[in-house]
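Below is one structure, written out as structure tokens, with a few remarks after it.
Residue numbers (the working numbering): 4 to 152.
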């Protein structure tokens, strides 16, 4: 059975391109996925951050994601190939962003891994949603920046 997977960002690690999304979409390292007809493999799982890294072949032409920093109490957008959902950054910590959504416009389970944008830059990747209080949690772009250190 095919599952849809949303890529949150494309980053450089040691000058090599990697796709980044949430790890809870996969069983573990070595899982494979098809992207634009290419079979790719989950290279690394970072359980502490709920992140999966997928190394891209050198022949891939990719655009590296422009990462921004979250502005608290400002509007943001969850963006993927199906929809755009407005939200607000309630709190921005070093590794997590807490987001408030309108209760009638909440992300769906298939939205895990979607990028969160402010001012056209990715500030995080949605990891989970709490339906009872219309809140969401995203992995901060600061975590993505720290992976290459």
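C-beta: ideal position from N, C-alpha, C; glycine also. Small disclaimer: the values here were computed from a predicted structure and weren't measured.
With a Cβ-Cβ cutoff of 9 angstroms, do residue i and residue j count as a contact?
i: residue 92; j: residue 81; result: no
i: residue 24; j: residue 115; result: yes
i: residue 126; j: residue 117; result: no
i: residue 67; j: residue 13; result: yes
If you compare alpha carbons, which of the options is closest to residue i?
i: residue 120; options: 42, 144 and 41; result: 144
i: residue 70; options: 139, 151 and 124; result: 124
i: residue 133; options: 50, 151 and 108; result: 108
Excluding the 5 residues flanking residue i on each side, which residues of the same chain have their C-beta closer than 7 angstroms to its C-beta?
i: residue 75; result: 92, 94 and 95
i: residue 53; result: 25, 26, 27, 130 and 142
What is the DSSP secondary structure of residue i, counted as helix, strand or coil?
i: residue 58; result: strand
i: residue 65; result: coil
i: residue 28; result: helix
i: residue 124; result: strand
i: residue 43; result: strand
i: residue 156; result: No answer is possible for residue 156: it lies beyond the span of the chain, which begins at 4 and ends at 152.
i: residue 19; result: strand
By Cβ distance below 8 angstroms, which residues in the same chain neighbour residue i in space, the five residues on each side in sequence not counted?
i: residue 51; result: none
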